[in-house]
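K.L.:
Have a look at this one.
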Amino acid sequence: MGAGLACGGALRAPLLAQVGSPPSNLPPAEETPAPAAPQAEPGEAVVPPPAAVDERTRTAGGALAAFMASRNYHSIRALKSVMTPRLQARFDQDSVPFNGKRGARIAAFDFQESDLKLVPPPRLKGAAAAAKTTPPVPAPPPEETYVATVRTLWEEQGEAVEQRVESLRVTRQEDGSWRVGSLDKVSADGLRFTDQVPGVTTLRMALRAWHRRDLAAARSLMSAALLKKYQGREETLRAIFVGGDDPRHAAFQILELKPEGALDEVAKVRLFETHPGQPTTIAGSPVTVRLLKKGPRWLLDAWD
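Spelled out as structure tokens, the structure:
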């Protein structure tokens, strides 16, 4: 799975500042001792030094990726740290647009450099434009803001249930860092497979085992023929259902499940993998799964 855009460093100018390397012929500088911590006078509180700027927030794309990667209930503090105060207040009132509801959560997100558009400064008209020619006080620099279009994939218990297009605004702060200032849903398409057909329960159990990387659960659903196929090839079977940490198993989508004969079902499935914390193309890999009815049970008979 190719990443759509790497965090922070993947964005080119003007999103990423270009810094030249220092000259190599300068004499070594004398070491300067670090300044001592400020001492408070009696009755006076010490003002703590400013917090270091998160490296990811030094570019608009890095801040956007950090925001998207933190949209779950396990990283609320990290998520809010990349928001403007106004968006934090909105999150405190209703967190559902950020983190989902009823068990649904973001499985993957995707954006590219071309998806971030610089917002031009407002054009002055009439008296305001005339006054700009001779301002009594220097005007503050215009706020630098990008509007980003991001595609998101949402899953519930591993199954892809929705694909969204969202619009976000990323704004440069006074300290030079970037923060996300708005989040709006543009469109949403449902992806959940809703047909109640024979074998769908076994199919979901097998796909959830893939999502959880649970090889033992997957093996318990396999037919004798499939187990025999991978006899002596345990690593191949493990690579299918367990894989590695990068990319990780993000979600699955059942496209169709149709009968083929009296005792066979064939499913068309799409498997999604992502690189943790990074934009990843939401395309998925096609897989064909065959189910075999053995007595009252449906078993996994092929995975291609």
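Numbering (our numbering), first residue to last: 275 to 578.
Where is the CB? At the ideal position from N, CA and C, for every residue including glycine.
Since we're looking at a predicted model, the values are computed, not measured.
Would you mind working out which of A524, T562, M496 and Q552 sits nearest L574, comparing C-alpha positions?
P.N.:
M496
K.L.:
How do the region 458-466 and the region 474-489 stand: do at least 3 beta-carbon pairs fall below 8 Å, yes or no?
P.N.:
The region 458-466 vs the region 474-489: no contact.
K.L.:
With A576 and L500 assumed to form a contact (beta carbons below 8 Å), what rounded beta-carbon distance in angstroms separates them?
P.N.:
7 Å
K.L.:
Who are the near neighbours of G455 in its chain, counting only those whose CB is closer than 6 Å to its CB and skipping five residues on each side?
P.N.:
T358, L361, R443 and T445
K.L.:
Is it the case that the Cβ atoms of F365 and K375 are separated by a distance below 8 Å?
P.N.:
Going by C-beta atoms, F365 is not nearer than 8 Å to K375.
K.L.:
Identify, in the order they occur along the chain, each residue of the same chain with its Cβ nearer than 7 Å to the Cβ of E547, setting aside the five sequence neighbours on each side.
P.N.:
M275, P521, R522, H523 and A524
K.L.:
Does R446 come out as helix, strand or coil in the three-state DSSP assignment?
P.N.:
For R446, the three-state secondary structure derived from DSSP is strand.
K.L.:
Do you know offhand how far R345's Cα is from F372's?
P.N.:
6 Å
K.L.:
Which class does P570 belong to by DSSP, given the choice of helix, strand or coil?
P.N.:
Residue state for P570 is assigned as coil, using DSSP reduced to three classes.
K.L.:
In whole angstroms, what is the alpha-carbon distance linking V561 and V540?
P.N.:
11 Å
K.L.:
Verify whether the separation of the beta carbon atoms of L531 and K567 is less than 8 Å.
P.N.:
Not closer than 8 Å, so no.
K.L.:
Find the nearest neighbour of T554 within the set A339, A334 and A513, judged by alpha-carbon distance.
P.N.:
A339
K.L.:
With DSSP collapsed to three states, give me the class of A587.
P.N.:
This structure leaves residue 587 out entirely; the chain is present only between 275 and 578.
K.L.:
Looking only at its own chain, which residues have a Cβ that is under 7 Å from the Cβ of E430, when we skip the five neighbours before and after it?
P.N.:
G377 and A378
K.L.:
Does the beta-carbon of G506 have 16 or more other beta-carbons within 10 angstroms, so that it is buried, or is it exposed?
P.N.:
exposed
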